[in-house]
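If you read the protein sequences in the order shown, they are chains A and B. All you need for the numbering used here is the position in the first sequence, starting with 1, plus 70. All you need for the numbering used here is the position in the second sequence, starting with 1, plus 533.
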Amino acid sequence: MSEAGTLEQPLERQQAAASSASRRFAVSGSTLLLGFVLPVGAALAYEAAFRFGLVQARLLPPPSKVGSTLWDLARSGELSTHVIATMTRVLLGFGLGALVGMLLGALTGSSSTARKLLDPTLQALRAIPSLAWVPLFILWLGIFENSKIALIATGVFFPVYLGVMAAIANVDRKIVEVGRAFRLSKTALARRVLLPAILPDFIVALRSGLGLGFMFVVAAEIMGASEGLGYLLVDGQQLGKPDQILAAIIAFAILGKIFDWLLVSGSRPFLTWQDSHSRAA
Amino acid sequence: MLILDHLSKIYPNGTRALGDVSLDVGSGEIVALIGGSGCGKTTLLRLISGLELPSLGAVSVDGEKISAPHPAVGIVFQEPRLLPWLTVAQNIGFGLDHLPKAERDARVDEALLRVGLAGYGPRWPRELSGGQAQRVAIVRALVTRPKALLLDEPFSALDALTRASLQDHLLALWDSHRPTLVLVTHDVEEAVALADRAIVLQPKPGRIFADIAIELPRPRDRLSQDFAEAKRQVMSALDGSLTQPQPSTQNSKAQAAGWW
Chain A
71 MSEAGTLEQP
81 LERQQAAASS
91 ASRRFAVSGS
101 TLLLGFVLPV
111 GAALAYEAAF
121 RFGLVQARLL
131 PPPSKVGSTL
141 WDLARSGELS
151 THVIATMTRV
161 LLGFGLGALV
171 GMLLGALTGS
181 SSTARKLLDP
191 TLQALRAIPS
201 LAWVPLFILW
211 LGIFENSKIA
221 LIATGVFFPV
231 YLGVMAAIAN
241 VDRKIVEVGR
251 AFRLSKTALA
261 RRVLLPAILP
271 DFIVALRSGL
281 GLGFMFVVAA
291 EIMGASEGLG
301 YLLVDGQQLG
311 KPDQILAAII
321 AFAILGKIFD
331 WLLVSGSRPF
341 LTWQDSHSRA
351 A
Chain B
534 MLILDHLSKI
544 YPNGTRALGD
554 VSLDVGSGEI
564 VALIGGSGCG
574 KTTLLRLISG
584 LELPSLGAVS
594 VDGEKISAPH
604 PAVGIVFQEP
614 RLLPWLTVAQ
624 NIGFGLDHLP
634 KAERDARVDE
644 ALLRVGLAGY
654 GPRWPRELSG
664 GQAQRVAIVR
674 ALVTRPKALL
684 LDEPFSALDA
694 LTRASLQDHL
704 LALWDSHRPT
714 LVLVTHDVEE
724 AVALADRAIV
734 LQPKPGRIFA
744 DIAIELPRPR
754 DRLSQDFAEA
764 KRQVMSALDG
774 SLTQPQPSTQ
784 NSKAQAAGWW
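Here it is, written out as structure tokens:
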């Protein structure tokens, strides 16, 4: 329960985290290197302690062991099977959740009638920790892919929905008026004014959604899967292979970072106009 | 050309912003609407633009009634209101979507040249100074060649030097197609420097207090005796508009009763 509670962070905090992360892109090479000192140093120290027999390392294998496990998994083709399974689930769930979140967010953001009608219900549903849906989803959709994708989509839906709704509702009235003064039709106003105006917030909402998508794919795969990185985690736990658990965690980290990077760099050409703090810094 | 026929505006909260304003503006004329704060200057301009509708009365341009933003009427706001995701050139061409690209580009380039911003086309609005941005906003409204251009205190946020230079820019732009200009301002000097007529408004509810013709030849010398005289005339009308007692005691009693 408490775990589910932390998954449902308020959107503002997620946005703050995301924007501070994007600011970090701007740091120079030497600062970047400084960030590596602690983790790399700790890994080397632990490796040395293990080599000199100072630690047993039965429950926390040394970096070399984790690395070789990861390498073996990759060489046997097992890793790619699991990565593909996880990626497919994330992409399908993310796509579904983001699409529905975007559509409903656009609806409630642009029409106050729709907001009054739909938003209270959606906010009430948002208050439910998403993992609480799992038993229902399994009953309704079976134990295979459908229930997993539904769970991921549920997790992705809420931050995207909230982000899009807030972004549309907060578009500057003065800018919208410029569109009206030039007699834009409703669709032209949406395309030429609203869409570009909400794009930065929309990207942040998608990134928050993607982060939650990765959390929920782990949850879904831990609860019962025969492949996927989450399955590797459970398998490692049951067979007492902490190196495999750590290898899966590292794979998750790399995968999550790659997806986030793709999202950010894919949207960057559309956001060069921004007059933002990080650009000035 | 531009006819305001007994315009009144009462907002849903009961505020009576304008009471019975009638005005007839000739083609190519420059009219300054001047008055203290809360006298309905901006409301009047928004009614002419079609962004808001009058509670009573009508606005017409060349006999055509304005019930929504109209292609013959352009508007420049107090702030530049450039779209930050479009380059300067794209901002200027914002209202020219219906034209073929070649003509659009030609008009945009010409506009940039006219306001001394040649070469600024590919820049982002965030790279412009306040005066530059407002020049872009003015030509954005003018490139569609409206018959009337409305300006809502367009230079009020700028320093005095920039303001004077932008006023000259505006007159030069006006001279090429001679659209009707309706300029809201609270700056007497600006009104006298630009307008053929200064319409002094009176608050609560907004209505016309005086209609002063300014018959100075252009270009106007801001230091000349005539200019000072015109300024004095507008200034004293403005003073009168603010100190004028309510039309009649009986009327104001009735209003007070209504308020209660």
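By construction, the Cβ of each residue, glycine as well, lies at the ideal position given by its N, Cα and C atoms.
May I have the straight-line CA-CA distance separating V606/B from R253/A, to the nearest angstrom?
11 Å
Return helix, strand or coil for S335/A, following the three-state DSSP convention.
Per DSSP, reduced to three states, the secondary structure at S335/A is helical.
Tell me, please, whether the CB atom of P545/B is closer than 8 Å to any CB atom in chain A?
no
Rounded to a whole number of angstroms, what is the C-alpha to C-alpha distance between Y544/B and F742/B?
Rounded to whole angstroms, the gap between the alpha carbons of Y544/B and F742/B is 22 Å.
Just curious, the alpha helix (DSSP H) that G607/B is in, first and last residue?
Careful: G607/B lies outside any alpha helix (DSSP H), inside the beta strand (DSSP E) at 606-609.
Who are the neighbours of R614/B on chain A, taking C-beta pairs under 7 Å?
K244, I245, V248
For chain A, find out if any of its Cβ atoms is closer than 8 Å to the Cβ of D553/B; answer yes or no.
no
I need the straight-line Cα distance from R730/B to N624/B, nearest angstrom please.
31 Å
So does the stretch 549-564 of chain B actually touch the stretch 613-632 of chain B, counting three or more Cβ pairs closer than 8 Å?
no
Return the first residue and the last residue of the beta strand (DSSP E) that S182/A is part of.
Premise fails: S182/A lies in the alpha helix (DSSP H), 182-196, not in any beta strand (DSSP E).
How about L716/B and L727/B: do their beta carbons lie closer than 8 Å?
For L716/B and L727/B, yes; Cβs fall inside 8 Å.
Going straight from the alpha carbon of S757/B to that of A251/A, what length do you get?
39 Å
Return the chain-ordered list of same chain residues with a C-beta closer than 6 Å to the C-beta of A267/A, the five sequence neighbours on each side being excluded.
V241
Given a limit of 9 Å on CB to CB distance, which residues of the stretch 618-634 of chain B reach chain A?
W618, L619, T620, F627, G628, D630
Identify the continuous alpha helix (DSSP H) that holds L309/A and give its terminal residues.
L309/A -> no alpha helix (DSSP H), and no H or E assigned at all.
Going by the C-beta, is L341/A closer than 7 Å to any heavy atom of the ligand SAM?
For the structure depicted, the ligand SAM is absent and the ligand set is empty, with no information on it obtainable.
With 16 as the cutoff for other CB atoms within 10 Å, does E291/A come out buried or exposed?
The residue in question, E291/A, is buried, as its Cβ has 16 or more Cβ neighbours within 10 Å.
By the 10 Å Cβ neighbour count, where 16 or more other Cβ atoms means buried, how is D189/A classified, buried or exposed?
Under this definition D189/A is a buried residue.
Going by Cα to Cα distance, which pick from F106/A, A113/A, R121/A, T156/A is closest to A318/A?
T156/A
Residues of chain A with CB closer than 7 Å to the CB of W657/B, please, in chain order.
W343
Between the alpha carbons of F120/A and Q126/A, how many angstroms are there, rounded?
7 Å
Just how far apart, CA to CA, sit F122/A and A197/A?
52 Å
Under 8 Å Cβ to Cβ from I245/A, same chain only, skipping five residues before and after it: list those, please.
V263, A267
Name the two residues that bound the continuous alpha helix (DSSP H) containing V246/A.
243-251
Can you have a look at S134/A and say buried or exposed, based on whether 16 or more other CB atoms are within 10 angstroms of its CB?
exposed
Please classify L699/B as buried or exposed, where buried requires at least 16 other C-beta atoms within 10 Å of its C-beta.
buried
To the nearest angstrom, how far is it from the Cα of F340/A to the Cα of D330/A?
16 Å
Is P604/B close to chain A, meaning its C-beta is less than 8 Å from at least one C-beta of that chain?
yes
Do H539/B and D553/B come within 8 Å of each other at the CB atom, strictly closer than that value?
Yes.
Hey, out of D720/B, S541/B, P736/B, whose CA is closest to P587/B's CA?
Among D720/B, S541/B, P736/B, the Cα nearest to that of P587/B is on S541/B.
Check this for me: beta carbons of A666/B and P655/B, under 8 Å apart or not?
no
Using a C-beta to C-beta distance shorter than 7 Å, which residues of chain B count as neighbours of P266/A?
When 7 Å is used as the limit between beta carbons, P266/A is near these residues of chain B: W618, in chain order.
Please state the DSSP three-state secondary structure of R94/A.
Here the model assigns R94/A a pLDDT of 49, short of 50, so the residue's position is not dependable, and the following value carries that caveat. Note: R94/A maps to helix in three-state DSSP.
Mark S582/B as exposed unless 16 or more other C-beta atoms lie within 10 angstroms of its C-beta, in which case mark it buried.
Here S582/B is buried. Its C-beta has 16 or more other C-beta atoms within 10 Å.
Tell whether a beta-carbon distance below 8 Å holds between R159/A and K218/A.
yes
So that I know if they touch, is there some Cβ in chain B lying closer than 8 Å to that of A251/A?
yes
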